[in-house]
Structure formats: C-alpha cells, structure tokens
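Here's the structure we're looking at; comments come further down.
Here it is as structure tokens:
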C-alpha cells in the first residue's frame, strides 16, 4: 500500500512558501534542515516563478512521511507530509496508474 502513491506537481499553484520542504524535513532524524528534504523549490525567471522539484526517490516510492491526525484513521488513502502541507494545491496525490507530471 505504501508504494501506491504518485505526486503530481501543479507548478502554477506554487507560491514558494516552502511549507512542503519543512514538512518533509520535520520527519527526518536530527535537526530540522529543509535543505535535506526530498522536495526543493526552484526559483526561475529571476525569482518570478517558483517550481517544486521532487527527488526521484519520492517519485518512485512513498517515503512514509505523513502527518498523523485523528481524522486520518478513517481514511484509506495515505497523504505524504509534503502534499498535506501545501496550502495552494501545488502538490496532489494520484493513484500510481495515473501518469503524474505529464
């Protein structure tokens, strides 16, 4: 079940807030370090455009990092911490059979 997650990037919705990076690094052992997160926000066009870039490991297999809330206990679907943290809808989960990042 943990492998059946695919993250789609909707770059037009990204505002560069880096909440996804913080959520990812929050679950890593050691000090909080967004630079070591599995997702990075690239600044393009001299800072006019932000683009979330997910590392290949995250795209190939679910990392297991997720926010656990009481309401999640009744949901069959697992949402990665980075997707859950995005307030602007720049990241969303798809079933693996759908082609993400077309």
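In the working numbering, the protein residues as written are 44 to 145. Note that the Cβ used here is the ideal one computed from N, Cα and C, for glycine as well. Please read these numbers as outputs of a predicted model, since none were measured by experiment.
- For residue 71, the closest alpha carbon among the candidates 123, 137 and 108 is that of 108.
- Residue pairing by DSSP places residue 56 opposite no residue, since no beta bridge is assigned to it.
- Note that the C-beta distance between residue 85 and residue 50 is not below 8 Å.
- The residue among 48, 61 and 55 with its C-alpha nearest the C-alpha of residue 129 is 61.
- Residue 127: member of the alpha helix (DSSP H) spanning 124 to 128, first to last residue.
- A Cβ-Cβ separation of about 5 Å places residue 83 in contact with residue 96 under the 8 Å criterion.
- Between the alpha carbons of residue 57 and residue 73 lies a distance of about 28 Å.
- Counted as a single uninterrupted DSSP element, the beta strand (DSSP E) harbouring residue 137 occupies residues 134 to 137.
- The beta-bridge partner set that DSSP reports for residue 93 consists of 86.
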